[in-house]
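There are 2 protein chains.
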Amino acid sequence: MNSSKLKDVDELLDDAKLRKTAPRVQILKALLDVAVPLTQEQIAEKIGKNSPDKVTIYRSLENFVEAGLVHKAYLQERVWHYELSHHCSSIQCHPHFTCTNCGATRCLWGKSPALVEGLEKGYVIHRQQVRLEGLCPKCS
Amino acid sequence: MNSSKLKDVDELLDDAKLRKTAPRVQILKALLDVAVPLTQEQIAEKIGKNSPDKVTIYRSLENFVEAGLVHKAYLQERVWHYELSHHCSSIQCHPHFTCTNCGATRCLWGKSPALVEGLEKGYVIHRQQVRLEGLCPKCS
DNA sequence: ATATTACTTGCAACTCAGTTGCATTTAGGT
DNA sequence: ACCTAAATGCAACTGAGTTGCAAGTAATAT
Numbered sequence: 356m357n358s359s360k361l362k363d364v365d366e367l368l369d370d371a372k373l374r375k376t377a378p379r380v381q382i383l384k385a386l387l388d389v390a391v392p393l394t395q396e397q398i399a400e401k402i403g404k405n406s407p408d409k410v411t412i413y414r415s416l417e418n419f420v421e422a423g424l425v426h427k428a429y430l431q432e433r434v435w436h437y438e439l440s441h442h443c444s445s446i447q448c449h450p451h452f453t454c455t456n457c458g459a460t461r462c463l464w465g466k467s468p469a470l471v472e473g474l475e476k477g478y479v480i481h482r483q484q485v486r487l488e489g490l491c492p493k494c495s
Numbered sequence: 356m357n358s359s360k361l362k363d364v365d366e367l368l369d370d371a372k373l374r375k376t377a378p379r380v381q382i383l384k385a386l387l388d389v390a391v392p393l394t395q396e397q398i399a400e401k402i403g404k405n406s407p408d409k410v411t412i413y414r415s416l417e418n419f420v421e422a423g424l425v426h427k428a429y430l431q432e433r434v435w436h437y438e439l440s441h442h443c444s445s446i447q448c449h450p451h452f453t454c455t456n457c458g459a460t461r462c463l464w465g466k467s468p469a470l471v472e473g474l475e476k477g478y479v480i481h482r483q484q485v486r487l488e489g490l491c492p493k494c495s
C-alpha cells in the first residue's frame with residue numbers, strides 16, 4: 356500500500372460514483388497490485404486475514420464491472436477472473452494466454468487481433484474476447 | 356435419425372476407437388443435428404425421455420473431447436457448451452457470437468481472426484478461442 | 001456360439017464457485 | 001450529531017459438474 360496507489364483507488368471510486376468503503380478499497384488495491392486477472396479466492400488471499408467476506412468481494416466486483424472499472428474473464432475451468440479495465444478498449448480487452456501445464460496466465464497487452472468482420476447486417480458487437488491456451492516458455 | 360447420419364456416427368466412433376454404445380450414438384446424433392454448441396442439459400432434452408443419465412452425457416462428451424471429435428466452449432455464464440469439431444482447424448475453432456439480449460448463439464464459420472502474433476520465444480499456442488457478445492439482428 | 005474382461009453406465013452422494021435473504025452496520029449528505 | 005439509502009456479513013441455498021461403486025455390456029478370445 357503506497358499513497359499514490361491509494362490516490363488511484365480513491366479516484367477510481369469517485370469517478371465511478373461508488374461509496375468509498377474499506378472492502379472496496381482493499382479489493383481495488385489488490386487488483387492494482389498485480390498484472391494478471393485474479394479470482395475471488397486469490398483476492399481474499401492477497402488481502403490476508405482481515406479480508407472482507409467472499410459475498411462482499413463478489414458484490415463489489417460486480418459493482419466494479421457495472422461501473423466499467425473491472426473486466427471479467429473465464430480463464431480456467433468454471434472460475435471467474437477479474438482485472439482492472441484501465442487501458443483496455445471497451446470493445447476488446449487484451450487476449451489472455453494460459454499455460455495448460457503450469458496454469459500461469461499472461462496478459463497480452465497490445466496484441467489484440469482485429470475485430471471479427473463480415474457479420475450480417477443487424478449484428479452489433481459489444482465485446483470481443485480472445486483466449487489462448489498452450490505452453491509457456493518454462494513448460495515448453 | 357436417418358441412415359447417412361447413423362453411418363457418420365459409426366464412422367466417427369470407429370475412427371476415434373471408441374466403443375459403439377447407445378448413449379454415445381444418441382449424443383453424437385444430437386450434436387450432428389444442430390449447428391450450434393449445446394449444453395449437457397440441451398443434449399438430454401433433445402434426446403428426450405430415454406436420454407442417458409447426465410453423468411453419462413458428461414463422460415461421453417469428455418471422451419469425445421479427448422478424441423478430438425468435440426470442442427468445448429464457454430459461451431454463457433458457468434456452463435460448458437459442446438459442438439462437433441469436424442471442419443474446425445485444430446488450433447482455432449470458429450468464433451461464437453452470443454446475443455446478450457435473447458441469449459442466442461451463432462457460429463461464425465470462416466470468420467476467425469488471425470492468430471495472435473508476437474509472443475516471446477518459448478510460447479507455444481495450442482488453441483485460440485474467440486467469443487463475441489452483442490446484439491443479434493432480432494434484438495438490435 | 002459362449003465365456004471373458006475391460007470398458008461403460010447409472011445412481012446417489014458429493015463438491016465448490018457463486019448467489020440470495022435478511023438483520024446489522026456505515027458512508028455521506030442534511 | 002442525525003438520518004437514510006447503500007453496503008456488509010453471516011448462514012443457508014443453488015446448480016453445473018464430479019466421484020465412488022455396483023451392475024451392465026461391447027468387443028475380443030476361446
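So the protein sequences, as listed, match chains A and B. As numbered in our numbering, residues 356 to 495 make up the first sequence, in order. As numbered in our numbering, residues 356 to 495 make up the second sequence, in order. Yeah, the Cβ is synthetic: ideal placement off N, Cα and C, and Gly gets one too.
Legend: CB atoms of the region 406-435 of chain A lying less than 8 angstroms from CB atoms of chain B belong to residues Y429 and R433. Of all C-beta pairs linking the region 440-454 of chain A to the region 477-485 of chain A, three or more are shorter than 8 angstroms, placing the two stretches in contact. Burial is judged here by how many other beta carbons sit within 10 angstroms of a residue's own beta carbon; B:Q431 has fewer than 16 and is exposed. Neighbours of B:S444 across chain A, judged by C-beta separation under 9 angstroms, do not exist; the nearest C-beta is about 14 angstroms away. Under the three-state reduction of DSSP, A:L416 is assigned to helix.
At a Cβ-Cβ threshold of 8 angstroms, B:L424 and B:L367 count as neighbours. For the C-beta of B:R486, the chain A residues within less than 9 angstroms are, from N- to C-terminus, Y429, R482, Q483, Q484, V485 and R486. What A:L463 touches in chain B, judged by beta-carbon distance under 9 angstroms, is V471, G473 and L474, going in chain order.
When 7 angstroms is used as the limit between beta carbons, A:C448 is near no residue of chain B, the shortest such separation being about 11 angstroms. Only buried fits A:V364, as 16 or more other CB atoms lie within 10 angstroms of its CB. The three-state secondary structure of A:A459, taken from DSSP, is coil. In this structure B:P392 is not in contact with A:P468, their Cβ atoms being roughly 21 angstroms apart against a cut-off of 8 angstroms. Contact between B:P492 and A:G477 holds: their C-beta atoms lie close to 3 angstroms from each other, under 8 angstroms.
For A:L386, no beta strand (DSSP E) run applies; the uninterrupted alpha helix (DSSP H) run containing it begins and ends at A377 to D388, by DSSP. Annotation for A:Q381: I402 place their beta carbon closer than 6 angstroms to its own, counting only its chain and skipping 5 residues before and after. Going by beta carbons, A:I412 and A:Q397 fall outside the 8 angstroms limit. A straight-line Cα-Cα distance of about 15 angstroms links B:K375 and B:E417. Approximately 5 angstroms separates the beta-carbon atoms of A:R379 and A:S415; this is inside 8 angstroms, confirming the contact. Taking 8 angstroms as the upper bound on Cβ-Cβ separation, chain B lies near no residue of the region 375-387 of chain A. Rounded to the nearest whole angstrom, the C-alpha separation of A:A428 and B:K384 is 32 angstroms.
Under the three-state reduction of DSSP, A:L439 is assigned to strand. For the set B:K409, B:A390, B:F419 and B:E438, the Cα lying nearest the Cα of B:K372 is the one of B:F419. Taking the CA atoms as reference points, B:W464 sits about 32 angstroms from A:C457.
The beta carbon of A:C491 sits closer than 8 angstroms to some beta carbon of chain B.
Between B:L490 and B:T455, the C-beta spacing is below 8 angstroms. In its chain, beyond the 5 residues on either side, L430, T460 and E488 have a beta carbon closer than 6 angstroms to the beta carbon of B:T453. Assignment of B:E472 by DSSP, reduced to helix, strand and coil, places it in the coil class. Within chain B, no C-beta atom comes nearer than 8 angstroms to that of A:Y437; the closest sits roughly 14 angstroms away.
Non-local beta-carbon contacts of A:L470 in its own chain, meaning distances under 6 angstroms to residues more than five positions away in sequence, involve Q483 in chain order.
Under the Cβ distance rule, A:G477 counts among the residues neighbouring chain B, one pair being separated by less than 8 angstroms.
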